[in-house]
Amino acid sequence: MIALLLLWVGYLHRTRRIHWLGAAADRLGQRFNRPGWVALPVALFLGTILTALLGFIWDVSLHIGKGRDPGPLANPAHYFILVGLFFLFTAGMTAIVLPLDERPGPAAVRITRTWYAPVGGILLAAAGFYALVGFPLDDLWHRLFGQDVTLWGPTHLMLIGGAGLSLVAVLLLEFEGRNHRPDPGRRDNRLLWMLRCFAYGGLLIGLSVFPVEYDFGVQQFRLVLQPMLFVVAASIALVAARATLGPFSTLVAVAFAVVVRTVVAFLVAGPLIQAPANVFPLYLGAAVIVELLALLPLLRRPLWWGALCGFAIATAGMWLESLWVQRMFVNRWPASMWPELLAMAVPVGIAGGVVGGLLGMVVRGEALPRRPVRRGLMVAAVLILAAATTNGLVVEVPRNAGATVALSDAGQSDGGRMVTADIRLDPTGLVGPDPEWVQILAWQGGVGNDSPGRGLMVDQLRRVDGEHFVSTTPVPAYGNWKTVLRIHDGRTLTALPIYMPDDPAIGAEEVPALASFHRPFTPEITVLQRERSFDAPGWLFAAASLVVLACSLALIGALSWGASRINDRCPRVRGAAPDSVISR
């Protein structure tokens, strides 16, 4: 009904039967010296993307604290996500519908003889549509393959990918509007500079939602992927911000991202929702590094400078970020992980820095390299990221390995049994001297302050000697809790159940928490994603995943096309300087 109403309003506006929509957009545009087809969609986008972000973090925390959903809209957080993504698409369509008696810039796309749409609006609508389609596809995916209670399910990546990459479309739309100001002689003030910095902070947040499982400490993939994803976000967003907006812009972008993530984290873990708490990457070290490197003359060669920034972010920046991770995150980055971390993060950082440099050139109005060069750079960046990600996804499950577990009662909490564990792994040498983790994860026990950890507890086991580990805190072994022993050491990623409840809905029997038992290690996915069905043909899962991958590449291709079209057709300035706040 809402969609039909909005469609009807758009039709009335295009046929000039109503004038209030255009008038409202123009009044808002006059305040910021931007066309109405930029001002209103961007204002709508700001509210909708924050709504979607809150719903997303809330949804992840509910899955961690409570488990799977009984239906596609049975989770209250899903309504926030759905509304946010719907109006994200609506914001893009508003930018398309609004222009009546004007061509919105030289890059505008012709729809009819007299109707032209801004490229940024088309891309914003495309990103919103891509994310929105993920909702029904996610329900279909669950019917085919069971519920994949993980953030990195293919259809889940559509939801967060469309929303995260929509910030690129917003930056392009704002650039089109900046070159089509109602009052060309009026300079932008510091408030507008700040708002543009906030947009890059939004891009930093959007690119940082991919490793959100790591923020809660329940990642279902190897730890080495976390710093790599940090590097992707920082190298693209911060390099583009500094190249476009000049000194201190990266610090403002990081500050905005920290404030938004802090508010969302408080709302989710606070007294109202009472779900598991999360932390987030800081990026302050990366921002300082980019600001310092911008003092070099190399800044005048944005692609080389971007590559240097990416390298520095992947090395010194991640070392600085590791200090924050060590103090705030559930899982530290062990010294043994750093060789592979650097092998993955450095090429990804260089590629991300180049992409950030390209984006900065477009939004600054500087001519891009020739088409074959820029296309080659984008393709190379995608391939480098794909190769690093593929390496990070490779895991090994040890054969004939297991653990002998002795549980001791440690009282009760919320009326349920709490236990401590004495664990002996076999065979000898299963875990090296500096593993990523040997831990007990207890999750999905129910949110609320009455539930231990609001449904999530992680106990990093203390090593006594060799393969002998003991608990440092009691963990639950009752009710709906799923309590699991997890090991991650290099490429080894495996787990075994300590306690699992009876679950007739998926045909899973209880795994009791006996006083003493020996159980084999299995692929972690079979323990953590208990609801997932492995009965579907392998080719069907592969085909479905390839369809999602193709759609994702199409979105990246569309954003690249839009940036190139704008750069080729809009006025360009050779060697344009960043739009700095200092000059205001």
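Numbering (the numbering used here), first residue to last: 19 to 602. All C-beta atoms in this analysis are idealised placements derived from N, C-alpha and C, irrespective of residue type, glycine included.
- In this model, G324 and E414 are separated by some 36 Å (Cα to Cα).
- Residue environment for M19: exposed (fewer than 16 other C-beta atoms within 10 angstroms of its C-beta).
- If one requires a minimum length of 4 residues, the alpha helix (DSSP H) runs lying completely within the segment 54 to 137 are 54 to 84 and 94 to 115, in chain order.
- Nearest neighbour of D507 by Cα position, chosen from W351, I543 and I441, turns out to be W351.
- In this structure, DSSP gives R389 a helical state, which the three-state scheme calls helix.
- Cβ-Cβ distances below 6 Å link I574 to nothing in the same chain once the five nearest sequence neighbours on each side are left out.
- Look at D507 here: in three-state DSSP terms it is strand.
- Residue environment analysis places W337 among the exposed positions, since fewer than 16 neighbouring C-beta atoms fall within 10 angstroms of its C-beta.
- Excluding its 5 nearest sequence neighbours in each direction, C215 has C-beta neighbours in its own chain below 8 Å: A259, L263, S267, V270, A271 and F274, listed in chain order.
- Assigned with DSSP and collapsed to three states, G434 falls in strand.
- DSSP, reduced to helix, strand and coil, places P229 outside both helices and strands of the structure shown, so it counts as coil.
- With a cutoff of 8 Å on beta-carbon distance, A57 and A41 are scored as not near each other.
- In this structure, A533 places its C-beta atom within 8 Å of the C-beta atom of L425.
- Looking from the CA of R318, the closest CA among M379, L341, S354 and P299 belongs to M379.
- Nearest in C-alpha terms to L474, of all of G484, V449, E454 and K500, is K500.
- Counting C-beta atoms within 10 angstroms of its own C-beta, G180 has 16 or more neighbours from the protein chains shown and is therefore classed as buried.
- By the Cβ neighbour-count rule, V566 is buried, with 16 or more other Cβ atoms within 10 Å of its own.
- Ranked by Cα distance from E454, the first of P494, G220, W356 and L321 is W356.
- Counted as a single uninterrupted DSSP element, the alpha helix (DSSP H) harbouring M346 occupies residues M336 to M346.
- Inter-residue distance for E485 and L310 is about 46 Å (C-alpha atoms, whole angstroms).
- For the pair of segments examined, the segment 120 to 136 was found not to touch the segment 74 to 83: the number of CB pairs separated by less than 8 Å stays below three.
- Taking C-alpha positions only, L177 is separated from A149 by approximately 4 Å.
- With the rule of 3 Cβ pairs closer than 8 Å, the segment 140 to 157 counts as touching the segment 108 to 117.
- Here D233 is not near V276, since their CB atoms are 8 Å or more apart.
- Each of T491, Y496, V151 and G28 was checked against the Cα of G434, and the nearest Cα belongs to Y496.
- Apart from the 5 residues on each side of it in sequence, P530 sits with its Cβ closer than 8 Å to the Cβ of Y517 in its chain, given in chain order.
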